[in-house]
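Residue numbers (full-length UniProt numbering), protein chains in the order written: chain P, 1 to 284; chain D, 1 to 163.
Note that beta-carbon positions come from the ideal geometry of N, C-alpha and C, so glycine has one too.
Heads up, the thing below is written out as structure tokens.
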Amino acid sequence: MIPAAFDYTAPSTVDEAVRALADAGDDAKVIAGGQSLIPVLRMRLAAPTTLVDIGRIPELRGIRDDGDALVIGSTTTHYEVQRDPAVRDHALLLKVATDTVADPQVRHRGTFGGAIAHADPAGDLLAPVLALEAELVLHGLEGERTVAASDFFVDYFTTALRQDEILVAVRVPKHTGWGAHYEKFNRVAQAWSIVAVAAAVRTEGGVIAEARVGLTNMSSVPVRARAVEEALVGQPATVEAIKAAAAHAADGTSATEDSNADTAYREHLARVLTSRAVTAAAGV
Amino acid sequence: MRITVTVDGTTYTDEVEPRKLLVHYLRETIGKTGTVVGCDTSNCGSCTVHLNGQSVKSCSVLAVQVDGAEVTTIEGLARDGELHPVQQAFHDNHALQCGFCTPGMIMQSIDLLADHPDPDEDTVRHGLEGNLCRCTGYQNIVRAVQDAAQKLKPGSQQPVGGQ
Ligand SMILES: Cc1cc2nc3c(=O)[nH]c(=O)nc-3n(C[C@H](O)[C@H](O)[C@H](O)COP(=O)(O)OP(=O)(O)OC[C@H]3O[C@@H](n4cnc5c(N)ncnc54)[C@H](O)[C@@H]3O)c2cc1C
Ligand code: FES
Ligand code: FES
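Structure representation (structure tokens):
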């Protein structure tokens with residue numbers, strides 16, 4: 001289908017973009033890669049009056065080393081994240097999760113920030129961002145503020161972003177030398193996660209020293225599996241020990257039921273996939 | 001809005017509505033009907049073209065977003081009446097039946113070979129994940145891509161990539 005008519009503007013700075021959003025009012029929307037928004041517009045599930053295209057703002061694109069963190073500009077594409085050597089070395093979990101997103105064409109256009117701002121509970125980059133304790137840098141009329149990932153995701157497709165704010169960058173603390181794995185469960189090619197698990201693990205001499213585990217699609221927002229993380233620390237990196245810790249994966253989650261899976265099945269998947277993800281991340 | 005875009009080597013300047021999808025611009029405004037639309041959900045990949053050298057689904061890009069860019073479609077691949085090696089490999093390996101998915105399959109295969117010049121079967125299948133075919137069962141498509149890879153190895157004349 002053809003989208004409903006809208007006005008379009010493509011500013012070249014963040015300040016202009018924020019001003020354009022505020023001027024256009026409640027029915028304005030940011031467009032980045034368009035890989036979630038354009039399908040929605042085509043189906044006429046949304047009809048914004050104005051699109052503010054942030055794809056021509058150079059300062060939003062690219063990955064920067066900032067000492068103890070990587071700063072990923074919001075319009076950096078999935079394809080660029082996949083191939084970035086600093087991401088591979090310091091935030092491997094983001095790379096392996098991005099590898100599972102959609103298909104090559106969508107990864108050429110879709111952006112890291114767009115996937116996070118969209119906040120689809122089945123989106124594959126939310127749990128990794130939460131697990132790595134990233135911070136989100138937002139820019140609005142009143143200036144810049146930084147929000148922890150744990151405070152950013154509010155509900156289905158709902159974030160801490162205000163109407164006049166743009167997600168400008170994501171600060172990801174370096175996890176140099178950590179193993180990582182993203183275990184995604186779906187049924188067909190280019191499909192979204194029914195459940196998925198993001199795991200990053202640091203081992204020392206065969207013992208798990210630190211672990212981060214995030215769950216995709218186990219609630220309206222990404223969930224941190226803290227009980228699993230705590231149970232893993234100090235354990236030997238063995239299949240048995242990891243499986244025992246993974247038994248806690250569904251603790252405190254509130255998975256929904258839909259045509260793909262009921263709640264009990266999602267909880268089962270969370271435990272099985274956590275065991276697989278942590279095992280792979282620990283290199284067992 | 002006025003846009004200027006180079007498609008298959010020719011530069012066009014046109015007035016377009018912001019809501020016009022790139023695929024509709026290509027087909028309806030400049031007559032490049034080789035690029036087709038197979039779905040309403042950004043899944044089928046039959047509309048795949050190259051935008052500044054990278055494959056994209058042209059049903060999921062706005063024409064206004066490509067102002068100043070370079071686009072290559074299936075119609076821009078052949079040179080002096082000679083098919084591109086990937087087109088030829090699809091022909092030689094019977095990699096199509098109805099042919100509807102073929103323009104997109106070929107554009108994505110060229111992109112895949114640019115990143116993976118000698119892909120194994122798994123790499124081909126994953127690289128074509130965004131392209132659906134309702135006829136062939138994919139076997140001959142995978143074969144065609146691997147065949148093209150051999151023909152495109154160093155020493156052959158034609159470079160991979162449209163332009
Ligand atoms: C066929 C297909 C399969 C897919 N499969 C997957 C999958 O398996 N896993 C997955 O995770 N994703 C999947 N996606 C979605 C893909 O990851 C998108 O690229 C991503 O969700 C959105 O990024 P974008 O840049 O395209 O955002 P857009 O579509 O441009 O925007 C999405 C939303 O976020 C807002 N927004 C975007 N950027 C910003 C910003 N910087 N600040 C404030 N608001 C912003 C927009 O206003 C809009 O509401 C799929 C998409 C398609 C078409
Ligand atoms: S027409 Fe189906 S993906 Fe573009
Ligand atoms: S040949 Fe008919 S859809 Fe592929």
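Could you tell me if the beta carbon of residue i falls within a distance shorter than 7 Å of some heavy atom in ligand 1?
i: residue 190 of chain P; result: yes
i: residue 155 of chain P; result: no
i: residue 124 of chain P; result: yes
i: residue 35 of chain P; result: yes
i: residue 127 of chain D; result: no
i: residue 149 of chain P; result: no
i: residue 166 of chain P; result: yes
Considering only the alpha carbon of each residue, which of the options lies closest to residue i?
i: residue 216 of chain P; options: P:284, P:269, P:280; result: P:269
i: residue 26 of chain D; options: D:50, D:146, D:105, D:142; result: D:50
i: residue 248 of chain P; options: P:272, P:260, P:203, P:169; result: P:272
i: residue 213 of chain P; options: P:18, P:80, P:28, P:280; result: P:280
i: residue 323 of chain P; options: P:152, P:170, P:172, P:173; result: Chain P is shown only over 1 to 284; residue 323 of chain P falls outside these bounds and no answer can be derived.
i: residue 165 of chain P; options: P:8, P:2, P:7, P:19; result: P:19
i: residue 140 of chain P; options: P:124, P:224, P:162, P:170; result: P:162
i: residue 44 of chain D; options: D:58, D:54, D:53; result: D:58
i: residue 26 of chain P; options: P:48, P:12, P:117; result: P:48
Flag residue i as yes if its beta-carbon sits less than 8 Å from any beta-carbon of chain P, otherwise no.
i: residue 14 of chain D; result: no
i: residue 79 of chain D; result: no
i: residue 70 of chain D; result: no
i: residue 140 of chain D; result: no
i: residue 19 of chain D; result: yes
i: residue 93 of chain D; result: no
i: residue 129 of chain D; result: yes
i: residue 64 of chain D; result: yes
i: residue 32 of chain D; result: no
i: residue 105 of chain D; result: no
Please classify residue i: does DSSP put it in a helix, a strand, or coil?
i: residue 163 of chain D; result: Model confidence at residue 163 of chain D stands at a pLDDT of 41, short of 50, so the residue's coordinates are unreliable; what they give is reported in the following sentence. Residue state, collapsed to three classes: coil.
i: residue 12 of chain P; result: coil
i: residue 157 of chain P; result: coil
i: residue 45 of chain P; result: coil
i: residue 6 of chain P; result: coil
i: residue 174 of chain P; result: coil
i: residue 94 of chain D; result: coil
i: residue 42 of chain D; result: coil
i: residue 342 of chain P; result: Outside the shown range of chain P (1 to 284) lies residue 342 of chain P, about which nothing can therefore be said.
i: residue 243 of chain P; result: helix
i: residue 17 of chain D; result: coil
i: residue 155 of chain D; result: coil
i: residue 116 of chain D; result: coil
i: residue 121 of chain P; result: coil
i: residue 73 of chain P; result: strand
Could you tell me whether the Cβ of residue i comes closer than 8 Å to any Cβ of chain D?
i: residue 218 of chain P; result: no
i: residue 6 of chain P; result: yes
i: residue 21 of chain P; result: no
i: residue 51 of chain P; result: yes
i: residue 40 of chain P; result: no
i: residue 189 of chain P; result: yes
i: residue 2 of chain P; result: yes
i: residue 88 of chain P; result: no
Between which two residues does the beta strand (DSSP E) carrying residue i extend?
i: residue 100 of chain D; result: It is not in any beta strand (DSSP E) - residue 100 of chain D carries neither H nor E in the DSSP assignment.
i: residue 184 of chain P; result: 179–185
i: residue 265 of chain P; result: Here residue 265 of chain P belongs to no beta strand (DSSP E); instead the alpha helix (DSSP H) covers 263–281.
i: residue 53 of chain P; result: 50–53
i: residue 50 of chain D; result: 48–51
i: residue 204 of chain P; result: 195–204
i: residue 308 of chain P; result: For chain P, the structure presents residues 1 to 284; residue 308 of chain P sits outside this window and is missing.
Using only the heavy atoms of ligand 2, determine whether one of them is closer than 7 Å to the beta carbon of residue i.
i: residue 39 of chain D; result: yes
i: residue 42 of chain D; result: yes
i: residue 46 of chain D; result: yes
i: residue 109 of chain D; result: no
i: residue 20 of chain D; result: no
i: residue 219 of chain P; result: no
i: residue 60 of chain D; result: yes
Should residue i be listed as close to ligand 3, given that the test is whether its C-beta is under 7 Å from any heavy atom?
i: residue 96 of chain D; result: yes
i: residue 110 of chain P; result: no
i: residue 25 of chain P; result: no
i: residue 99 of chain D; result: yes
i: residue 133 of chain D; result: yes
i: residue 10 of chain D; result: no
i: residue 102 of chain D; result: yes
Output the boundary residues of the alpha helix (DSSP H) element that contains residue i.
i: residue 88 of chain P; result: 85–90
i: residue 61 of chain D; result: No alpha helix (DSSP H) contains residue 61 of chain D, which DSSP labels as neither H nor E.
i: residue 124 of chain D; result: 121–127
i: residue 142 of chain D; result: 139–151
Could you tell me whether any non-hydrogen atom of ligand 5 is closer than 7 Å to the CB of residue i?
i: residue 137 of chain D; result: Absent from the structure shown: ligand 5. Ligands present: ligand 1, ligand 2 and ligand 3.
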